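A.B. asks: So that we are looking at the same thing, I have put the structure below in C-alpha cells.
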Amino acid sequence: MTDALREQIKTLSEGGYRVVLFAHSDNMPPEVEGGALPENITPVALVRITDCIRKEAPATLKYFAEQDVDIRIISGDSPVTVSGVAQRAGLEHYENYVDASTLTTDEELWEAADKYKIFGRVTP
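Read in the numbering used here, the sequence shown has 63 at position 41, and its numbers run on one by one without any break.
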C-alpha cells in the first residue's frame, strides 16, 4: 500500500468517515496481528461511508454544555473517525480522544475516563 493511499485513508478518517479498503493478496497470512494491514496487499477499492448526523444533534450538544453536563462518546469505531463525527456534530473538545484498545489496566481506564471525551475501539 502506498504512502499516498495511507494518507488518503487518514484524511478521510479524520473527516469523520468510516473507511473500508478492499484488497487482495496471493500470500495473505491467516491472521493479522494488532489490526495492521500486511504489506503484501494490492488495493482494489476504497469506500468511504458517511454517518448522517441528526439535524438536532448540535443544538442538543449545546444544551447539555450549557447545563454543565460532561459528555463522553463511546464507540467501537476508530477514535479518529469518531472524533471527526463529533466535530461535525458540534461537540466541544472533539480532538480529545483515546483508542480504548490501548487501555489494558483498570487504572489506565479510570485515568482515561477523567482525561478523554471520546473513546474509540471500545469492546464489551
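Note that beta-carbon positions come from the ideal geometry of N, C-alpha and C, so glycine has one too. These numbers were taken from a predicted model, which means no experiment stands behind them.
Alpha carbon to alpha carbon, how far is M23 from T82?
C.D. replies: As a working note, residue 23 is residue 1 in the sequence shown. As a working note, residue 82 is residue 60 in the sequence shown. Spanning the two alpha carbons is a distance of roughly 41 Å.
A.B. asks: Between I96 and V66, how many whole angstroms is the CB-CB distance? I'm expecting something under 8 Å.
C.D. replies: Here residue 96 corresponds to residue number 74 of the sequence shown, with the count starting at 1. Here residue 66 corresponds to residue number 44 of the sequence shown, with the count starting at 1. With 8 Å as the limit, I96 and V66 do not qualify as a contact, their Cβ atoms being about 33 Å apart.
A.B. asks: Would you tell me roughly how many angstroms separate the C-alpha atoms of P60 and G106, rounded to the nearest one?
C.D. replies: Start at 1 with the first residue of the sequence shown, and residue 60 comes out as number 38. Start at 1 with the first residue of the sequence shown, and residue 106 comes out as number 84. The straight-line gap from Cα to Cα measures roughly 26 Å.
A.B. asks: Check the DSSP bridge columns for V41 and list the partner residues they point to.
C.D. replies: Taking the sequence shown and counting its residues from 1, one reaches residue 41 at position 19. Its beta-bridge partners are R70.
A.B. asks: Is A26 buried or exposed, if buried means 16 or more other CB atoms sit within 10 Å of its CB?
C.D. replies: Within the sequence shown, residue 26 is the residue found at index 4, counting from 1. A26 comes out exposed.
A.B. asks: Taking Cβ to Cβ, would you say K139 is nearer than 8 Å to R76?
C.D. replies: As a position in the sequence shown, residue 139 is number 117, starting the count at 1. As a position in the sequence shown, residue 76 is number 54, starting the count at 1. Pairing K139 with R76 gives a Cβ-Cβ distance that is not under 8 Å.
A.B. asks: Spatial neighbours of G112 within its chain, please: CB distance less than 8 Å, with the 5 preceding and 5 following residues excluded, ordered by chain position.
C.D. replies: Here residue 112 is taken as the residue at index 90 of the sequence shown, counted from 1. Taken in chain order, the residues that qualify are A79, P80, L83 and K84.
A.B. asks: Please list the segments of the beta strand (DSSP E) lying wholly inside the segment 75-108, counting only runs of 3 or more residues, in order along the chain.
C.D. replies: Segments of the beta strand (DSSP E) lying fully in the segment 75-108: there are none.
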